[in-house]
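When we follow the numbering used here, the leftmost residue of the sequence shown carries the number 478, and every step to the right adds one. A virtual CB, placed ideally from N, CA and C, is assigned to each residue, including glycine.
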Amino acid sequence: MKKDDIYGLIRENIRALAPYSTARDECKIDMEVYLDANESPYETGVNRYPSPFQEELKRMVSSIRRVPVENIFLGNGSDEAIDLIYRIFCTPGKSSAVVVAPSYGMYSVAGNINDVKIIYSELDSEFQLNATKLLSDVQDDTRVVFICSPNNPSGNLLDREEIIRIIENFNGIVVVDEAYIDFAESQSFSELIGRYPNLIVLQTLSKAWGMAGLRLGIALADTITIGTMNKVKYPYNISIINQQKAIEMLKDCVGTVERIREIKENRSKLAMELSQMECVSKVYPSDANFLLVKFKEREKVFKELQERKIIVRDRSSQLHCKDCLRITMGTEDENRRLLDAIREITGEIESKAGPSSKKEGCITEGKKCRVGKVSRSTRETSIQVCINLDSFTRPYVRSGLPFFDHMLEQIGYHGGIGVDIICCGDIATGCHHTVEDTGIALGEALAQALGPKKGIERYGFALPMDEADAMVLIDLGGRIDFKWDVEFREQFVGEIDTQMFSHFFKSLAENLKCNLHVKAKGENDHHIIEGVFKAFARALKCAVRKDEFSYGVASSKGVL
Ligand SMILES: *Cc1c(COP(=O)(O)O)cnc(C)c1O
478 MKKDDIYGLI RENIRALAPY STARDECKID MEVYLDANES PYETGVNRYP SPFQEELKRM
538 VSSIRRVPVE NIFLGNGSDE AIDLIYRIFC TPGKSSAVVV APSYGMYSVA GNINDVKIIY
598 SELDSEFQLN ATKLLSDVQD DTRVVFICSP NNPSGNLLDR EEIIRIIENF NGIVVVDEAY
658 IDFAESQSFS ELIGRYPNLI VLQTLSKAWG MAGLRLGIAL ADTITIGTMN KVKYPYNISI
718 INQQKAIEML KDCVGTVERI REIKENRSKL AMELSQMECV SKVYPSDANF LLVKFKEREK
778 VFKELQERKI IVRDRSSQLH CKDCLRITMG TEDENRRLLD AIREITGEIE SKAGPSSKKE
838 GCITEGKKCR VGKVSRSTRE TSIQVCINLD SFTRPYVRSG LPFFDHMLEQ IGYHGGIGVD
898 IICCGDIATG CHHTVEDTGI ALGEALAQAL GPKKGIERYG FALPMDEADA MVLIDLGGRI
958 DFKWDVEFRE QFVGEIDTQM FSHFFKSLAE NLKCNLHVKA KGENDHHIIE GVFKAFARAL
1018 KCAVRKDEFS YGVASSKGVL
């Protein structure tokens, strides 16, 4: 489908619609006296109308979701986006929509409200999707297909290739609801919105990001669709309070990344414990923050859990879900309470595995991990960095600059350390602030993680990388020095001005209080800088390593 074909899918009256316009839409410059909207002039924090297109919040969502601002719609929950999709693409009493089954109830409720016929396309008994089957369920009047992946209530990701076949072969809108994507080890479909104008990806801040009470849903799509959603929505659909609260929470969200990891860990533990229980006949594989579990005595378990003040969701009436309860992941204590309650109800005794011990922070081989956490806000950027020198986890890096993200991830992968970096900055004015401030925050976080530097190797060095030569020498002894001898051929690599890399490493060295010498040359700028990041990671890995024979300080003076 070509981009302009989207116009043909939009209902005629919507295409012709002139949106409500405010005086402030028409004038972009900052004013000082606002006498245009009949608001109260007395400051209360909420006396003015909110920003209708939520620019600041969208910039933050844009870095985290790696989608440009112009491809983002924010709504009063995903529910608003679902309703708008019906109102934009379906004609009441005439159109139909195909919805996978079993799945999220709002697709059919919102469809029914809009008088759109719902056609259920059944997943197989393992809750998998077959494109040929779904496409055969499509009728002439079908305008929209709703797919949910990871799916609710089953919890599994649907086959990516099958979804792509549907997007490529259905001549209408395909909605992929990714409410649970943060809990899955899979790439988001959002990276495909540039390629497929008929694709709408729904995400939400309600689940992994912990903001269900704020009601903030996200739709990611081609600019024509987003523009049309903006035209049809209520002019001020997200209140000032909601926008402010979400901005505040996103500025402090590295903790969210950790909590998502914890929920994924707890999910495997709970799945394992449940699957060993006599009363459980099946635990379905999950890529979400819940488990679909088939019980032998579902009704008894459900009822008696409630008597013990534990509520789970009975999904037994749904297709392929006979005797299934859907269980959301709680905290570790809550999950334990659930297991104990189920055992009490069914009279089972705990298996020999015993209760899982409660961890305190991250502990490797009996020693506490060296962790550094830095949150840094300036007028231009808001950055959070979390470093763990003793435990590798898949890096979570969102700077708003894709190439820079890729480079920063190398520090995690090649340094064998945990690296989480979230930066929400104003990149419209260039990458300068983001790159430099990230260098500062990363240096501070590394210094914090190293603490008194007891027992570390102190020195690090790395050797040639790839076909480009990159050499990085590091001394964590405390003297600050920085040498940079790197030649680039072009002014830009990716979206980054190549000059910025020396600023990045300089800021990092100053804040880590280290001696850092970097030398690199080669044919290709991308390889040169990637070599530098990898060599830096390797050098850092050597230098922060604990020398198992020494618990002292690697200095003749006895202090670093
Ligand atoms: C929870 C959920 C949503 C989120 O809806 P909001 O209105 O954004 O809270 C969307 N889709 C699915 C499948 C869900 O389970």
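Distance check for residue j and residue i, CA to CA, integer angstroms please.
i, j, result
"GLY649", "LEU768", "32 Å"
"CYS756", "ASP903", "54 Å"
"VAL896", "ILE717", "33 Å"
"LYS479", "PRO674", "7 Å"
"ASP800", "ARG790", "11 Å"
"GLY892", "GLY937", "11 Å"
"GLY485", "GLU655", "26 Å"
"ILE1006", "ASN629", "42 Å"
"GLN664", "ASN607", "20 Å"
"ASN812", "GLU533", "37 Å"
"ILE917", "LYS930", "19 Å"
"VAL622", "GLU557", "17 Å"
"GLU489", "ARG744", "47 Å"
"SER834", "ARG847", "Bear in mind that a pLDDT of 49 at SER834, under 50, signals an unreliable position, so the model cannot answer this."
"GLU837", "ASN865", "Note on GLU837: pLDDT 49, under 50, position unreliable in the model; no value is reported."
"GLY554", "SER683", "8 Å"
"LYS594", "THR619", "9 Å"
"GLU603", "LEU635", "10 Å"
"ALA692", "GLY928", "Checking the sequence, you will find Arg at residue 692 rather than Ala. Approximately 41 Å, taken between the alpha carbons."
"ILE596", "SER763", "26 Å"
"GLU750", "ILE483", "49 Å"
"HIS1004", "ALA905", "26 Å"
"LEU989", "GLU964", "24 Å"
"PHE566", "MET583", "17 Å"
"SER498", "ILE487", "21 Å"
"TYR526", "GLU516", "8 Å"
"PHE881", "PRO496", "38 Å"
"GLY687", "LEU919", "26 Å"
"ASP481", "GLN783", "53 Å"
"LEU747", "ARG775", "18 Å"
"VAL651", "THR568", "17 Å"
Between the options, which lies nearest to residue i when the distance is taken from Cα to Cα?
i, options, result
"LYS979", "CYS991, VAL995, LEU635", "The sequence as given places Ser at residue 979; Lys does not occur at that position. Checking every option, the nearest Cα to that of SER979 belongs to VAL995."
"THR915", "GLU857, SER598, PHE550", "GLU857"
"LEU802", "ASP810, GLU811, ARG792", "ARG792"
"VAL678", "GLY687, GLY694, GLY690", "GLY694"
"LYS741", "ASN766, PRO674, PHE969, THR700", "ASN766"
"PHE779", "MET884, LEU815, PHE881, ALA748", "LEU815"
"GLN887", "GLU913, PRO496, THR870", "THR870"
"ARG1022", "HIS1003, ASP601, ASP952", "ASP952"
"LYS845", "ILE860, THR855, ASP867", "ASP867"
"THR855", "LEU611, CYS901, ARG620", "CYS901"
"PHE550", "ILE703, LYS708, PHE604", "ILE703"
"LYS786", "HIS1004, ALA818, GLY807", "ALA818"
"GLY552", "LEU697, VAL510, LYS773", "LEU697"
"CYS625", "ILE590, VAL593, VAL575", "VAL575"
"ARG935", "ASP1024, ALA748, PHE530", "ASP1024"
"GLU725", "ILE860, LEU635, MET806", "ILE860"
"TRP961", "SER984, ILE822, ASN865", "SER984"
"TYR581", "VAL963, ASN992, GLU821, GLN795", "GLN795"
"PRO545", "GLY954, SER876, TYR519", "SER876"
"GLU921", "LYS571, ASN548, GLU987", "GLU987"
"ILE658", "ASN633, ALA997, ILE644", "ASN633"
"PHE981", "MET706, PRO941, PHE1013", "PHE1013"
"PRO872", "TYR890, LEU878, PHE880, PHE881", "TYR890"
"PHE660", "SER758, ARG738, GLU967", "ARG738"
"LEU1017", "ASP1002, VAL970, ALA939, GLU781", "ALA939"
"VAL577", "GLN605, THR805, GLN720", "GLN605"
Less than 9 Å between CB atoms is the rule here; does residue i satisfy it with respect to chain C?
i, result
"LEU950", "As a matter of chain content, chain C is missing from the structure shown, which is built from one protein chain."
Would you check if the segment 668-675 and the segment 704-717 touch, i.e. whether three or more CB-CB distances between them fall below 8 Å?
no
Evaluate the contact criterion for the segment 557-567 versus the segment 535-543: three or more CB pairs, one atom per stretch, below 8 Å.
no
Among all residues, which have a Cβ less than 5 Å from at least one non-hydrogen atom of ligand 1, and in what chain order do they fall?
GLY554, SER555, ASP556, TYR581, CYS625, ASN629, ASP654, ALA656, THR681, SER683, GLY694
Counting Cβ pairs closer than 8 Å, one from the segment 847-860 and one from the segment 965-985, do we hit at least three?
no
Runs of alpha helix (DSSP H) wholly within the segment 941-1027 (minimum 4 residues, chain order)
976-989, 1002-1021
Only counting runs of 4 or more residues, tell me where the alpha helix (DSSP H) segments fall wholly within the segment 855-930, in order along the chain.
879-892, 909-927
Where in the segment 692-721 do unbroken runs of the alpha helix (DSSP H), each at least 4 residues long, occur, reported from the N-terminal end onward?
700-709
Beta strand (DSSP E) runs contained entirely in the segment 630-690, provided each spans 3 or more residues
650-654, 676-681
Unbroken stretches of the beta strand (DSSP E), 3 residues or longer, contained in the segment 500-548
none
Going along the chain, which unbroken runs of the beta strand (DSSP E) with 3 or more residues stay wholly within the segment 586-627?
594-599, 619-625
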